[in-house]
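Colleague: One structure is given below, represented as structure tokens, and several questions about it will come after.
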Amino acid sequence: MRSEEYGLAGKLDEQEIARRLAKAGMRPGESRDKAALFAASLRGLAELGEPALSEPYMAFVPGRIELLGKHTDYAGGRSVLAAVERGFCITAAARRDATIRVVDASSGQKATFEFGPDLMPTVGHWSNYPMTVARRLARNFDGPLRGADIALRSDLPPAAGMSSSSAMMIAIFKVLAHVNRLDQRAVYRQHLAAPADLAAYLATIENGQSFGALAGDRGVGTFGGSEDHTAICCCQPGRLHVFSFCPVRLEQVIELPADYILAIASSGVLAEKTGEAMAKYNRASRLVSALLELWNAHTGRDDRCLADAASGAIDAPEQLRRIVAGNPHPTFDAAALLRRFEQFLGESERIIPAACAALARGDIDSFGRLADQSQNMAEELLRNQAPQTVHLARAARQCGAAAASAFGAGFGGSVWAMVKADHADAFVSAWADDYRREYPAQARRGCFFVSGAGTGLIELGPDELVD
Numbered sequence: 117m118r119s120e121e122y123g124l125a126g127k128l129d130e131q132e133i134a135r136r137l138a139k140a141g142m143r144p145g146e147s148r149d150k151a152a153l154f155a156a157s158l159r160g161l162a163e164l165g166e167p168a169l170s171e172p173y174m175a176f177v178p179g180r181i182e183l184l185g186k187h188t189d190y191a192g193g194r195s196v197l198a199a200v201e202r203g204f205c206i207t208a209a210a211r212r213d214a215t216i217r218v219v220d221a222s223s224g225q226k227a228t229f230e231f232g233p234d235l236m237p238t239v240g241h242w243s244n245y246p247m248t249v250a251r252r253l254a255r256n257f258d259g260p261l262r263g264a265d266i267a268l269r270s271d272l273p274p275a276a277g278m279s280s281s282s283a284m285m286i287a288i289f290k291v292l293a294h295v296n297r298l299d300q301r302a303v304y305r306q307h308l309a310a311p312a313d314l315a316a317y318l319a320t321i322e323n324g325q326s327f328g329a330l331a332g333d334r335g336v337g338t339f340g341g342s343e344d345h346t347a348i349c350c351c352q353p354g355r356l357h358v359f360s361f362c363p364v365r366l367e368q369v370i371e372l373p374a375d376y377i378l379a380i381a382s383s384g385v386l387a388e389k390t391g392e393a394m395a396k397y398n399r400a401s402r403l404v405s406a407l408l409e410l411w412n413a414h415t416g417r418d419d420r421c422l423a424d425a426a427s428g429a430i431d432a433p434e435q436l437r438r439i440v441a442g443n444p445h446p447t448f449d450a451a452a453l454l455r456r457f458e459q460f461l462g463e464s465e466r467i468i469p470a471a472c473a474a475l476a477r478g479d480i481d482s483f484g485r486l487a488d489q490s491q492n493m494a495e496e497l498l499r500n501q502a503p504q505t506v507h508l509a510r511a512a513r514q515c516g517a518a519a520a521s522a523f524g525a526g527f528g529g530s531v532w533a534m535v536k537a538d539h540a541d542a543f544v545s546a547w548a549d550d551y552r553r554e555y556p557a558q559a560r561r562g563c564f565f566v567s568g569a570g571t572g573l574i575e576l577g578p579d580e581l582v583d
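Every number in the working numbering is 116 more than the matching position in the sequence shown, counting from 1.
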């Protein structure tokens with residue numbers, strides 16, 4: 117089958133795709149790069165060998181950068197977020213049956229399964245993500261559901277703390293929702309019409325929780341929040357967004373200073389949410405659950421999240437410290453619980469408000485010092501840093517970054533640095549050279565690149581479907 121049959125020729129040629137992406141807010145160089153990835157994705161779709169029922173559905177689903185807000189979202193705290201200018205270029209065609217076929221257009225790897233509520237994906241294999249999405253939708257939306265042929269092509273580093281797994285799941289969701297017209301169903305309109313609500317629901321597909329009347333299931337095995345999904349669905353180009361969570365609320369939008377850009381270093385230490393890494397990631401979440409459990413048990417309250425507990429009274433933080441110190445928890449010692457609480461409270465309630473105020477008034481030096489404090493608390497209290505991310509954050513500042521910090525789940529991942537746009541290339545070169553000298557093996561697996569504060573999810577069309 118020729119790729120032209122999937123709309124690559126004519127109005128959806130690479131030039132037109134680039135134009136649409138640029139119109140949505142993507143920088144010109146990035147839009148041309150993504151157009152080439154869409155062309156490759158369309159070729160991968162054609163190679164699946166089935167005739168198209170309609171023009172392909174196309175969407176760009178970015179990863180995200182967490183500037184501040186380390187492990188705060190599932191505790192109801194704040195995060196400062198931006199979309200990254202890398203992500204998944206997805207193309208898909210509706211099928212008449214319930215088969216779902218997904219192909220990675222870069223590697224040629226394929227996954228084929230039936231749309232149904234009893235799917236049993238293999239944890240640790242990439243097919244876990246699309247199968248988990250399909251299983252949850254089959255459980256939440258009644259009636260026969262149509263499958264799809266789906267091709268993905270990504271320039272987002274995998275397992276690098278930029279939410280590649282969440283981006284893939286959102287991409288699969290958007291396809292299956294589109295080909296089944298889920299947004300026309302009453303349950304969708306009632307629960308998922310607002311972008312923030314949709315983002316929160318997408319997070320529950322991943323963590324397995326219920327969302328209102330939409331019952332949860334096993335998820336993919338991680339106990340995370342909705343920060344990633346909110347950034348991917350809701351961020352706007354050129355802006356940093358301050359969200360709080362449980363529920364999702366947009367608190368503030370701040371322009372990224374016009375003469376600055378974000379440099380990103382993927383450390384090459386994979387932040388995979390499987391095996392031992394998943395256990396470490398989930399421990400940070402379980403510590404929050406334990407704190408809330410102790411608080412509610414000893415105060416008689418029924419707070420839903422740690423942020424509610426910490427703001428429930430003027431002396432709530434000190435009261436919680438006394439409860440933790442005086443009442444042993446069956447799983448975690450008091451020192452670990454108190455470290456977790458101090459990191460959450462300092463990050464969400466002190467550093468983020470002060471950093472956003474500094475950035476809004478153009479005080480870049482203060483913003484940089486507050487980002488340093490966030491990094492230090494991650495190392496000393498949250499204890500989720502690898503030596504490589506610690507080094508990258510320090511080295512970024514030594515190379516002249518105005519601000520820098522690690523981001524993502526931790527135990528590997530990436531570091532962002534805010535640098536002058538006209539010096540970005542020289543900065544990235546010096547930063548990468550330093551890392552190669554210190555950690556040559558990891559540097560070979562990592563990558564360095566520049567990104568603006570990108571645009572969230574972009575749907576390119578079409579609107580028509582086959583009945």
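Note that beta-carbon positions come from the ideal geometry of N, C-alpha and C, so glycine has one too.
Every value quoted in this text rests on a predicted model; they were computed, and no experiment measured them.
Under 7 Å between the Cβ atoms of Gln156 and Ala221?
Modeller: Strictly speaking, residue 156 in this sequence is Ala, with Gln absent from that position. Taking 7 Å as the Cβ cut-off, Ala156 and Ala221 qualify as a contacting pair.
Colleague: Inspect the CB distances between the segment 540 to 557 and the segment 369 to 384 and report whether three or more fall short of 8 Å.
Modeller: Yes, they touch.
Colleague: What did DSSP end up calling Pro373 once you bin it into helix, strand or coil?
Modeller: The answer is coil: DSSP assigns Pro373 none of H, G, I, E or B.
Colleague: Less than 7 Å between the beta carbons of Ile206 and Leu268, yes or no?
Modeller: Yes; because the gap between Cβ atoms is below 7 Å, this pair is in contact.
Colleague: From the DSSP secondary-structure annotation, give me the bridge partner or partners of Leu378.
Modeller: Partner(s): Met534, Ser567.
Colleague: Does the contact criterion of 3 or more C-beta pairs under 8 Å hold for the segment 297 to 304 versus the segment 236 to 246?
Modeller: Too few Cβ pairs lie closer than 8 Å, so no.
Colleague: Going by DSSP, name the residue or residues bridged to Arg180.
Modeller: Paired residue(s): Ala199.
Colleague: Looking at Ala432 and Ala441, is the spacing between their C-beta atoms short of 7 Å?
Modeller: No. Outside cutoff.
Colleague: Does the segment 402 to 422 touch the segment 437 to 457, meaning 3 or more C-beta pairs lie closer than 8 Å?
Modeller: Short answer: they touch.
Colleague: For the putative contact between Glu434 and Ser195, defined by C-beta atoms under 8 Å, what is the C-beta separation to the nearest angstrom?
Modeller: Not quite, the Cβ-Cβ distance comes to about 25 Å (not below 8 Å), so this is no contact.
Colleague: Grouping DSSP H, G and I as helix and E and B as strand, with all else coil, what is Ala125?
Modeller: The predicted position of Ala125 is uncertain, since its pLDDT is 36 and thus under 50; a value taken from the coordinates is nonetheless stated next. The answer is coil: DSSP assigns Ala125 none of H, G, I, E or B.
Colleague: Please confirm whether Asp375 and Ala540 have their CB atoms less than 7 Å apart.
Modeller: In this structure, Ala540 does not lie closer than 7 Å to Asp375 by Cβ.
Colleague: What number of angstroms, rounded off, separates the C-alpha of Glu367 from the C-alpha of Ile439?
Modeller: Going from the Cα of Glu367 to the Cα of Ile439 covers about 31 Å.
Colleague: Look at the alpha carbon of Ala140 and the alpha carbon of Phe565, and state the distance between them as a whole number of angstroms.
Modeller: Near 22 Å, if we compare the C-alpha coordinates of Phe565 and Ala140.
Colleague: What is the DSSP secondary structure of Gln368, reduced to helix, strand or coil?
Modeller: Of the three classes helix, strand and coil, the one that applies to Gln368 here is strand, per DSSP.
Colleague: Is the CB-CB distance between Gly528 and Val336 below 7 Å?
Modeller: Not closer than 7 Å, so no.
Colleague: Nearest to Gln352 by alpha carbon, out of Gln131, Glu132, Met142?
Modeller: Comparing Cα positions, the closest option is Met142.
Colleague: Distance, Cα to Cα, Gly123 vs Ile574?
Modeller: Caution applies to Gly123, whose pLDDT of 44 falls short of 50 and renders its modelled position unreliable; the value that the coordinates give is listed next. C-alpha separation (whole angstroms): 18 Å.
Colleague: Give every residue of the same chain whose Cβ lies closer than 7 Å to the Cβ of Thr338, excluding the five residues on either side of it in the sequence, and list them in chain order.
Modeller: For Thr338, where only same-chain residues beyond five positions count, the Cβ hits under 7 Å are Glu322, Asn323, Lys389, Met394, Tyr397, Asn398.
Colleague: Between the alpha carbons of Asp313 and Pro274, how many angstroms are there, rounded?
Modeller: Answer to the nearest angstrom: the Cα atoms are 26 Å apart.
Colleague: What is the DSSP secondary structure of Gly160, counted as helix, strand or coil?
Modeller: Three-state DSSP puts Gly160 in a helix.
Colleague: For Ala519 and Gly484, which I take to be in contact (beta-carbon distance under 8 Å), what is that distance rounded to the nearest angstrom?
Modeller: About 4 Å; that satisfies the 8 Å criterion.
Colleague: Identify every run of the alpha helix (DSSP H) within the segment 252 to 329, keeping only runs that are complete inside it and at least 4 residues long; order them along the chain.
Modeller: You should have 280 to 295, 302 to 307, 311 to 323.
Colleague: In this structure, how does DSSP classify Gly516 when only helix, strand and coil are distinguished?
Modeller: Of the three classes helix, strand and coil, the one that applies to Gly516 here is coil, per DSSP.
Colleague: Could you give the DSSP three-state label for Ala423: helix, strand or coil?
Modeller: Reduced to three states, the DSSP call for Ala423 is helix.
Colleague: If we ignore side chains and look at the alpha-carbon of each, how far apart do Ser281 and Ile288 end up?
Modeller: The alpha-carbon atoms of Ser281 and Ile288 are separated by roughly 11 Å.
Colleague: Count the other C-beta atoms from every protein chain shown that fall within 10 angstroms of the C-beta of Met534, then say buried if there are 16 or more, exposed otherwise.
Modeller: Looking at its Cβ environment, which holds 16 or more other Cβ atoms inside 10 Å, Met534 is buried.
Colleague: Go ahead and pull the three-state DSSP assignment for His85.
Modeller: The requested residue 85 is not part of the displayed model; the chain covers only 117 to 583.
Colleague: Got a sec? Which residues, its chain only, sit under 6 Å from Ile133 by beta carbon, not counting five neighbours each side?
Modeller: Counting only Cβ-Cβ distances below 6 Å, and skipping sequence neighbours, we find Ala151, Phe154.
Colleague: Who are Asp220's beta bridge partners in DSSP?
Modeller: Leu268.
Colleague: Between Glu554 and the rest of its own chain, which residues show a CB-CB distance below 7 Å, the 5 nearest in sequence each way excluded?
Modeller: Once the five neighbours on either side are set aside, the close Cβ partners of Glu554 are His507.
Colleague: Using a 10 Å radius around the Cβ and a threshold of 16 neighbouring Cβ atoms, would you call Gln225 buried or exposed?
Modeller: Its Cβ having fewer than 16 others within 10 Å, Gln225 is exposed.
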